[in-house]
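Take a look at the structure set out below.
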Amino acid sequence: MATPTHAVAEGLGGTIELRTNTSSNARLNYEYTDGNTYVDDKIEAYDRHTMTRNGGAGKDDSPFHGKDGLQRLSSHADDEFAPRSDGSDSVASTERIENIDEAGAGEGDEAGEMVYRVYKRRWFGLVQLTLLNLVVSWDWLTFSPVSQYAAEYYGHSESDINWFSTAFLFAFVVASPLTIYMLHWGPKQSIVTAAVFMILGNVVRVAGSHSRTGGIYGVVMFGQILIGLAQPFVLSAPTRYSDLWFTNHGRVAATALASLANPFGAALGQLIVPFLATKAAEVSNAVIYVTIISIVVSLPAFFIPAAPPTPPEPSGSTPKESLRESLHLLKSVELWLILIPFAVYVGFFNSISSLLNQILVPYGFSTDNAGIAGAVLIVVGLVAGAISSPILDRTKAFILAIKVATPIIGLSYLVFVFIPPTRTLAGPFVVLAVLGAASFSLVPVALEYLCELSYPMSPEVTSTIAWGGGQLLGGIFILVSDALKAGPKADPPANLSRALIFTAVIALAAVPLPLSLGLFGRKDKLALRRLRSDDATHSHGDGGQSPV
Numbered sequence: 001m002a003t004p005t006h007a008v009a010e011g012l013g014g015t016i017e018l019r020t021n022t023s024s025n026a027r028l029n030y031e032y033t034d035g036n037t038y039v040d041d042k043i044e045a046y047d048r049h050t051m052t053r054n055g056g057a058g059k060d061d062s063p064f065h066g067k068d069g070l071q072r073l074s075s076h077a078d079d080e081f082a083p084r085s086d087g088s089d090s091v092a093s094t095e096r097i098e099n100i101d102e103a104g105a106g107e108g109d110e111a112g113e114m115v116y117r118v119y120k121r122r123w124f125g126l127v128q129l130t131l132l133n134l135v136v137s138w139d140w141l142t143f144s145p146v147s148q149y150a151a152e153y154y155g156h157s158e159s160d161i162n163w164f165s166t167a168f169l170f171a172f173v174v175a176s177p178l179t180i181y182m183l184h185w186g187p188k189q190s191i192v193t194a195a196v197f198m199i200l201g202n203v204v205r206v207a208g209s210h211s212r213t214g215g216i217y218g219v220v221m222f223g224q225i226l227i228g229l230a231q232p233f234v235l236s237a238p239t240r241y242s243d244l245w246f247t248n249h250g251r252v253a254a255t256a257l258a259s260l261a262n263p264f265g266a267a268l269g270q271l272i273v274p275f276l277a278t279k280a281a282e283v284s285n286a287v288i289y290v291t292i293i294s295i296v297v298s299l300p301a302f303f304i305p306a307a308p309p310t311p312p313e314p315s316g317s318t319p320k321e322s323l324r325e326s327l328h329l330l331k332s333v334e335l336w337l338i339l340i341p342f343a344v345y346v347g348f349f350n351s352i353s354s355l356l357n358q359i360l361v362p363y364g365f366s367t368d369n370a371g372i373a374g375a376v377l378i379v380v381g382l383v384a385g386a387i388s389s390p391i392l393d394r395t396k397a398f399i400l401a402i403k404v405a406t407p408i409i410g411l412s413y414l415v416f417v418f419i420p421p422t423r424t425l426a427g428p429f430v431v432l433a434v435l436g437a438a439s440f441s442l443v444p445v446a447l448e449y450l451c452e453l454s455y456p457m458s459p460e461v462t463s464t465i466a467w468g469g470g471q472l473l474g475g476i477f478i479l480v481s482d483a484l485k486a487g488p489k490a491d492p493p494a495n496l497s498r499a500l501i502f503t504a505v506i507a508l509a510a511v512p513l514p515l516s517l518g519l520f521g522r523k524d525k526l527a528l529r530r531l532r533s534d535d536a537t538h539s540h541g542d543g544g545q546s547p548v
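With UniProt numbering, the residue at position 287 of the sequence shown is 287, and numbering never jumps.
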């Protein structure tokens with residue numbers, strides 16, 4: 001049975017409708033919606049299925065074959081396509097091409113032009129990447145929300161338990177070079193590698209938490225490091241995945257979904273773990289529950305598609321700079337004006353998430369209160385990110401979003417210095433909600449804008465550097481905060497007031513960096529290079545796009 005193809009193109013006050021079949025008896029029907037017939041338009045047919053064939057030899061016998069090999073309506077206009085008197089192009093570009101047939105995907109049309117498509121299977125890989133980012137973050141915060149119970153169970157101090165989080169973050173930095181290399185060749189290898197590390201790390205943690213002598217700190221630490229090695233392979237992958245599978249109308253949202261799943265996993269850890277481990281003896285049970293979830297989520301990673309048969313847009317098929325050549329592009333001042341504050345704020349988010357229990361409990365808050373506060377930080381942030389990402393996908397107002405979010409983040413850290421001593425629940429909830437909304441709105445925008453500024457550098461380079469810097473600083477900030485912890489004779493004992501002051505000072509110092517983007521005669525350096533490449537290609541009629 002022949003498969004229909006339907007194309008609609010706007011031109012000269014009317015709409016031409018093309019209806020063809022892929023059979024050898026293809027028919028062409030065209031009619032203007034205003035009742036007139038203007039066959040002076042030449043319509044490029046991008047899909048190879050709109051071309052009829054003669055005896056299977058590939059010869060085009062349709063009545064609208066142009067000299068340049070493109071499919072066109074017959075016309076009284078000269079075949080050299082001279083400009084019209086009104087200054088417009090004589091070729092009407094296709095506004096909409098719908099093709100419900102996936103057969104033959106991966107090829108261009110007979111004229112040798114690439115057909116750009118997006119595929120439904122992209123959602124399978126995106127959901128899997130999202131779930132892995134969620135679970136790896138939950139693994140990270142398995143012990144921090146119940147640090148006092150974990151310290152008792154493993155026979156170590158709370159400072160030693162903090163090293164579970166710190167080592168996890170430092171492991172990210174160690175694996176970053178390999179992450180960049182693997183993502184350069186595609187996201188699937190990276191995602192599968194993360195799944196393997198997560199499964200192994202969780203199994204090792206279970207072994208260290210269920211020995212005959214109780215918990216074995218060193219074994220659990222080794223498992224935590226293995227999971228930490230998994231994180232960069234999925235946390236740095238969203239920009240690479242969205243570049244490979246999505247158009248510029250969906251990349252920010254796709255990157256946001258997969259990236260923001262990581263802090264959402266932290267929220268689940270903050271909220272759920274205190275209910276799983278209400279005393280020291282239950283810490284091992286919490287580890288088992290998290291391990292089961294991690295293994296179940298990791299297994300489908302081996303079955304995701306590696307790459308689409310055809311790219312979604314021209315930028316997806318553009319050869320990326322080699323890793324060596326990418327180092328030259330990193331000299332851009334604008335890149336670092338975003339990379340530095342991004343790393344600082346991600347670092348403080350990691351630090352606050354790991355230490356929130358120790359920040360609030362000395363002032364009379366319960367472990368459950370601290371867990372709920374951490375969940376508020378992240379859940380409100382996720383809602384803000386879900387609202388802002390589609391809007392920014394359409395408007396491309398990346399600079400405005402960055403310049404609005406960064407001052408709010410800096411001021412939120414300043415206000416938070418004065419919140420724990422109030423000993424009221426509303427204070428932490430409100431400030432952390434504002435901090436989460438600004439932080440989560442910034443993350444996908446900054447990551448995508450870094451890709452735009454660095455194009456044609458492969459997206460994983462800036463993504464891995466940005467996240468790696470955040471993990472490195474997060475580990476350092478945890479160590480510094482632990483060193484600034486008050487002594488047992490302070491009021492209250494073991495408070496982190498000085499650590500919060502340190503956080504506020506550094507956070508405010510980073511605010512002017514993104515605010516200076518475009519100043520000092522450098523506004524031309526802020527161009528959206530990848531978007532400009534896609535628009536330029538489409539404006540010249542070099543390809544069509546069809547969802548499959």
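The beta-carbon is built from N, C-alpha and C at its ideal position, and this holds for glycine as well.
- For the pair N133 and P187, the Cα-to-Cα distance works out to about 14 Å.
- Here I288 is near V206, since their CB atoms are less than 8 Å apart.
- When C-alpha distances from T310 are compared across R121, A507 and G427, the shortest belongs to R121.
- Within a 10 Å sphere around the beta-carbon of V296 sit fewer than 16 other beta-carbons, which makes this residue exposed.
- Taking a contact as a CB-CB distance under 8 Å, the pair T179 and T503 does not count as one, their CB atoms being some 28 Å apart.
- One thing to note: P407 has its Cβ within 8 Å of the Cβ of V511.
- With fewer than 16 other Cβ atoms from the protein chains shown falling within 10 Å of its own Cβ, V333 counts as exposed.
- Contact between F233 and A266 does not hold, since their C-beta atoms are separated by about 18 Å, which reaches or exceeds 8 Å.
- Where A370 is concerned, the enclosing alpha helix (DSSP H) starts and stops at T367 to T395.
- For F348, the enclosing alpha helix (DSSP H) starts and ends at V333 to L360.
- Looking from the CA of G371, the closest CA among L126, V115 and S147 belongs to S147.
- Of the other Cβ atoms in all chains shown, 16 or more fall within 10 Å of the Cβ of G474; this residue is therefore buried.
- Going by DSSP, I227 is part of the alpha helix (DSSP H) stretching over Y217 to L235.
- Contact annotation, S354 with N162: C-beta distance approximately 7 Å; criterion of less than 8 Å satisfied.
- A direct Cα-to-Cα measurement between T462 and L450 gives close to 6 Å.
- Judged by their CB atoms, F264 and A254 are not nearer to each other than the 8 Å cut-off.
- When DSSP states are grouped into helix, strand and coil, G155 belongs to the coil group.
- Buried is the label assigned to L356, since at least 16 other Cβ atoms lie within 10 Å of its Cβ.
- The C-beta of D139 has 16 or more other C-beta atoms within 10 Å across all chains shown, which makes the residue buried.
- In this chain, the alpha helix (DSSP H) harbouring K188 covers P187 to S209.
- Residue environment: K485 is assigned as buried (16 or more neighbouring CB atoms within 10 Å of its CB, all protein chains considered).
- For I191, the closest alpha carbon among the candidates Q128, G269, I402 and A437 is that of Q128.
- With distances taken between CA atoms, L500 lies nearest to F418 out of F418, Q471 and F168.
- Within the stretch 233-291, the complete alpha helix (DSSP H) segments of 4 residues or longer fall at 237-245 and 251-276, listed in chain order.
- Shown here, R121 sits in coil according to DSSP, grouped into three states, outside any helix or strand.
- With 16 or more other CB atoms across the displayed protein chains lying within 10 angstroms of its CB, D243 is buried.
- The shortest CA-to-CA distance from G469 to any of F164, V174, P145 and V136 is the one to V174.
- Contact between the stretch 141-155 and the stretch 267-280 is present: 3 or more CB-CB pairs across the two stretches fall below 8 Å.
- The stretch 490-498 makes no contact with the stretch 373-382: fewer than 3 CB pairs, one atom from each, lie closer than 8 Å.
- Rounded to whole angstroms, F348 and I304 show a C-alpha spacing of 33 Å.
- For L500, the uninterrupted alpha helix (DSSP H) run begins and ends at S497 to A509, by DSSP.
- For G214, the beta-bridge partners assigned by DSSP are S211.
- F302 sits exposed, since fewer than 16 C-beta atoms from the chains shown fall within 10 Å of its C-beta.
- For the pair L169 and N369, the CB atoms are not nearer than the 8 Å cut-off.
- In the DSSP annotation of this structure, the continuous segment of the alpha helix (DSSP H) that includes K403 starts and ends at F398 to F416.
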